[in-house]
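Each remark here refers to the structure printed beneath this line.
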Amino acid sequence: MRELAFEPVVIAALITALIALCLSVLMAVLIIGFRLWRGRVERHEKAFIDEWEPALFIAMDGPLALKVPTLSRPDLAVFLELWTHLQEVTRGVVSENLNRFLSDNIPTCRIIAMMEHAGIRHRLVAVTALGHLHSRAAIGPLTKLVADPQPILSYAAMRALLRIDPNEMLPHLVPTILTRADWPISRLSALFRELGANVITGPLLDRPLNPTKAEALRLLPLLALCHRERVDPAIREWMKIQSDPEVISAGLKFMSAPEDIPMLMAAAKNDDWRVRAAAASGLGEVGGPAEQRTLETLLSDASWWVRYRAAKALVSLRGATDAALNQIVATSTDKFAREILQQVMAEEA
Amino acid sequence: MSLFVETVQWVFLVYFVAINMGYFSLNILAIMSLKRSIAGRALANLPQTYSGIEPGISILVPAYNEEATITTSIQSLLQVDYPEFEVVVVNDGSKDGTLQALIRDFELRPFPEVFWAQLKTQPVRGIYRSTKYQNLRVIDKENGGKADALNVGISAAKFPLFCAIDADSILQRDSLRRVVDPFLEDPLTIASGGTVRIANGCEVRGGFLTKIDLPTDPLALLQIVEYLRAFLFGRMGWAAINAVLIISGAFGVFKKDAVIEAGGYASGSLGEDMELVVRMHRLFRERNKPYAIHFIADPICWTEAPESLKVLKSQRVRWQRGLAESLFAHRSLCFSRNGGTPGWIAFPFMTIFEWWGPLLEVAGYAFMFYLVSVGHISFEVFLIFMAMAFTLGFMLSLSALLLEELTFHLYPRFSQLGRLVLIAMLENFGFRQLVSVWRLIGLVQWMFGAKASWGNMTRSGSWQSPGGR
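Chains as they are written, first to last, in the working numbering: chain A, 16 to 364; chain B, 3 to 471.
Structure (structure tokens):
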């Protein structure tokens, strides 16, 4: 069968082997080449940081006569990264000193150009730096970037705008914040907490409160960070026209005044277990002896979570005593109610 | 006969080209996925702030006969950096002193907790709560296997997300934070997996990885290249098209409600991690419910690779059986109307190259050996075909090394690179074929319904520092 050596299949195998070998050699060369290049870049970056980090530390204390030479784009990115890291851990005068040093040495237009035309890594660094720098010249380009489909970039641009001027920017950004589901609400919440209730309350509330369900579920956790004396009445009114269980259960978390008790009592009878669970928690916060009976009823609810929240509420209810709780355990005819209350009493012990 | 021989040769050639090109394409897709995470790394080491509304996570640790290591494992888990989490250890009827060690070291007390069995499991014998750590609970149950233990943990979990983790997995302090990111960024996320890397050769202190290095053991070194090729860039490639079919049981985070809706882990399955993910794909697609399953490329979980052939064989046989079980059980996903990328691309790929691949591969090698031994083909032709198989395998491994170089660069020394390249070459001379044979054994065992067994996963722990973990 030696004649098979010249069959097309053998020739194809030989060609495949040769191509694979050539590609392997090419990749081996690329690996080595890339490693050598990376080593050179890392050494250069280290030398650059070693040179400029002390200067930036001095600049944090006040004006520095030292001039930064014109930097290549990669060096500029390293410089901005270094500068940003220092900005993230400083506040007040020190932060302002760093800003002055950057403004004196790097034209803002260069950073904006980097934000608009570089690779994503450099763009991110530039966006963050512009935010710290409070650069008003960057507001236009950053606003454009907020619409970028890449969440990592658009979120960074939004954060930068809020750093530049939260009072001016937030009202414009709220609609986008509520609709961009790819901006994590937990990160927004951390950011809004940092901005403070004085800044965020107005922009979040001074607009028609008619969000869609998805928007409402993003808005409510942010409203929790606002001045509650302004937020709670608005939500109270808004809740009257809500019908979605998920939205209602999220809204019930704001019902923390005695005047909310009727709404909570009504919610305790809702068909949806999430609403009943939220109502039980609410009653635990604002209720008193008069609400105990309702919570006892919820101890026998079909949903484990409602029973658990009701037990938690009973334990934290105003005027609740161990004796009263033990009395409920002793007199309850429902095994599930007794067990869940005993569990929560042990948890709280 | 010559037509038959030539046909077989074509099959052999096409199979090897297709499997290697398939994985090579996955590597290309992986680059797309990696682009974003690499860009984000520019600012990743900036101080992190938590908002307090991150979803809480229940870390579920199924434990069976883990007396020797359970305390240090749990102590390290209790130190992860995340705002709200609990650790739920499920003692799956251990025959050694696992429960006693936990009771002693964490000052556990019986707790009158109402166990809400949301999934069918073996009976729970008792629930304990630590008096030292408020967020540590231990559930003692009758033995039922890992899947059963995880189902108990899911029922007991009090947070909306749970993290299934092996008792011997080594995390980094920020592992949870990173694997939760997809849930924060994409509300449709129902599961998120992390890259599992090999810890042999690394240094571990206090349950956390402190220094990355290559192992000296050749078998572990071979598995490093294998993990890079198949588990890291393979899965990253699938993630790019929302078609990840496996999230490793060593470390993965799931949305609790979605898993309960899917029926939890399949008790008795040898590949319960893959089975669950494939089932979730199938069910969500059948019900036309939008969802996403993500995969984090960053190395966030490290595990010890077997250093003995016996243990490695047992592991690979088990993996192959688990894979076959999972794909067979959910074969209706393949080419289904709403199958999408999992049903139309990943499932057929896995069926051909992973499920039945070992049969084709071993048969191909065996047939070529047979042909040359009886003189149907010349030794030169035989060498050409073997050279083709080896060079394609080498090329694929090098492409994985190139991606590692472009991205994480975990082994920065030239000596490390040299060893990896050498291993990428040497693995083609016996190791890959041996693994194919083991996988074929797994396939045969699955076909003939041999009794499922977890076997013993002996860990050497040679990578642990003396004063550490």
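Yeah, the Cβ is synthetic: ideal placement off N, Cα and C, and Gly gets one too.
Leaving out five residues on either side along the sequence, give the residues of the same chain with a beta carbon under 7 Å from the beta carbon of residue i.
{"i": "GLY236(B)", "result": "TYR25 and LEU28"}
{"i": "ALA361(A)", "result": "none"}
{"i": "LEU203(A)", "result": "ILE192 and LEU237"}
{"i": "ARG353(A)", "result": "VAL344 and SER347"}
{"i": "GLN102(A)", "result": "SER110, LEU113 and HIS147"}
When DSSP labels each residue in this structure, what does residue i get in the three-state scheme?
{"i": "LYS312(B)", "result": "helix"}
{"i": "ILE61(B)", "result": "strand"}
{"i": "HIS378(B)", "result": "coil"}
{"i": "ALA169(B)", "result": "coil"}
{"i": "LEU19(A)", "result": "At LEU19(A) the pLDDT is 46, less than 50, meaning the model places this residue with poor confidence and gives no usable figure here."}
{"i": "ILE285(A)", "result": "The sequence as given places Asn at residue 285(A); Ile does not occur at that position. Of the three classes helix, strand and coil, the one that applies to ASN285(A) here is coil, per DSSP."}
{"i": "TYR130(B)", "result": "strand"}
{"i": "PHE210(B)", "result": "strand"}
{"i": "ALA335(A)", "result": "coil"}
{"i": "GLU327(B)", "result": "helix"}
{"i": "LEU79(A)", "result": "coil"}
In whole angstroms, give me the CA-to-CA distance for residue i and residue j.
{"i": "SER194(B)", "j": "GLU88(B)", "result": "18 Å"}
{"i": "PRO64(B)", "j": "ILE167(B)", "result": "8 Å"}
{"i": "PRO260(A)", "j": "ALA292(A)", "result": "11 Å"}
{"i": "ALA272(A)", "j": "VAL301(A)", "result": "6 Å"}
{"i": "LEU394(B)", "j": "SER75(B)", "result": "40 Å"}
{"i": "ILE406(B)", "j": "CYS37(A)", "result": "According to the sequence shown, residue 406(B) is Glu rather than Ile. Taking the straight line from one Cα to the other gives about 20 Å."}
{"i": "TRP465(B)", "j": "ARG421(B)", "result": "For TRP465(B), the predicted structure reports a pLDDT of 48, less than 50, and the residue's modelled location is therefore unreliable. The matter cannot be settled from this model."}
{"i": "GLN447(B)", "j": "ALA222(B)", "result": "26 Å"}
{"i": "PHE355(B)", "j": "ILE21(B)", "result": "6 Å"}
{"i": "ARG284(B)", "j": "GLN11(B)", "result": "36 Å"}
{"i": "TRP357(B)", "j": "LEU278(B)", "result": "17 Å"}
{"i": "PHE371(B)", "j": "LEU33(A)", "result": "22 Å"}
{"i": "PHE392(B)", "j": "LEU29(A)", "result": "12 Å"}
{"i": "VAL24(A)", "j": "VAL7(B)", "result": "10 Å"}
{"i": "PRO69(A)", "j": "ALA196(A)", "result": "41 Å"}
{"i": "TYR1(B)", "j": "SER201(A)", "result": "The question about residue 1(B) has no answer, for chain B in this structure spans 3 to 471."}
Is the beta carbon of residue i sitting closer than 8 Å to the one on residue j?
{"i": "VAL90(B)", "j": "ILE59(B)", "result": "no"}
{"i": "GLY203(B)", "j": "ASP215(B)", "result": "yes"}
{"i": "ARG287(B)", "j": "SER338(B)", "result": "yes"}
{"i": "ARG138(A)", "j": "LEU168(A)", "result": "yes"}
{"i": "TYR323(A)", "j": "ILE355(A)", "result": "yes"}
{"i": "LEU36(B)", "j": "LEU230(B)", "result": "no"}
{"i": "ARG88(A)", "j": "MET130(A)", "result": "no"}
{"i": "ASN67(B)", "j": "LYS143(B)", "result": "no"}
{"i": "VAL142(A)", "j": "ALA172(A)", "result": "yes"}
{"i": "SER132(B)", "j": "GLU115(B)", "result": "no"}
{"i": "ASP219(B)", "j": "GLU309(B)", "result": "yes"}
{"i": "ALA265(A)", "j": "ALA282(A)", "result": "no"}
{"i": "LEU332(A)", "j": "GLY303(A)", "result": "yes"}
{"i": "GLN473(B)", "j": "ASP150(B)", "result": "Examination of residue 473(B) is not possible in this model, given that chain B is present from 3 through 471 alone."}
{"i": "ILE105(B)", "j": "TYR130(B)", "result": "yes"}
{"i": "VAL321(A)", "j": "LEU329(A)", "result": "no"}
{"i": "LEU163(B)", "j": "VAL255(B)", "result": "yes"}
{"i": "MET276(B)", "j": "ILE248(B)", "result": "yes"}
{"i": "HIS147(A)", "j": "THR85(A)", "result": "no"}
{"i": "GLY196(B)", "j": "PHE253(B)", "result": "yes"}
{"i": "SER150(A)", "j": "ILE121(A)", "result": "no"}
My assumption, with CB atoms under 8 Å, is that residue i sits in contact with residue j. Please give the rounded CB distance.
{"i": "ALA264(B)", "j": "THR191(B)", "result": "Not confirmed; about 15 Å, so no contact."}
{"i": "LEU419(B)", "j": "ARG50(A)", "result": "6 Å"}
{"i": "ILE127(A)", "j": "ALA153(A)", "result": "6 Å"}
{"i": "GLY444(B)", "j": "ARG318(B)", "result": "7 Å"}
{"i": "LEU219(A)", "j": "VAL189(A)", "result": "6 Å"}
{"i": "VAL374(B)", "j": "PHE384(B)", "result": "4 Å"}
{"i": "ASP300(B)", "j": "ARG180(B)", "result": "6 Å"}
{"i": "ALA32(B)", "j": "VAL227(B)", "result": "Actually they are not in contact, since the Cβ atoms of ALA32(B) and VAL227(B) sit about 16 Å apart, beyond 8 Å."}
Counting only the same chain and skipping the five closest in sequence on each side, list residues whose C-beta sits under 6 Å from that of residue i.
{"i": "PRO181(A)", "result": "LEU210 and VAL214"}
{"i": "PRO277(A)", "result": "none"}
{"i": "ASP176(B)", "result": "ASP83"}
{"i": "LEU235(A)", "result": "ALA265"}
{"i": "GLU86(B)", "result": "GLY58"}
Quick one: residues in its chain with C-beta nearer than 8 Å to the C-beta of residue i, no 5 flanking neighbours on either side, listed in chain order?
{"i": "SER78(B)", "result": "ILE172, LEU173, GLY208, GLY209, PHE210 and ARG471"}
Below 7 Å, is the gap between the Cβ of residue i and the nearest heavy atom of the ligand HEM?
{"i": "GLN120(B)", "result": "Annotation note on the ligand HEM: not contained in the displayed structure, which lists no ligands."}
- Near-chain E residues of the segment 168 to 190 of chain B - C-beta to any C-beta below 7 Å: No chain E appears in this structure, whose protein chains are A and B.
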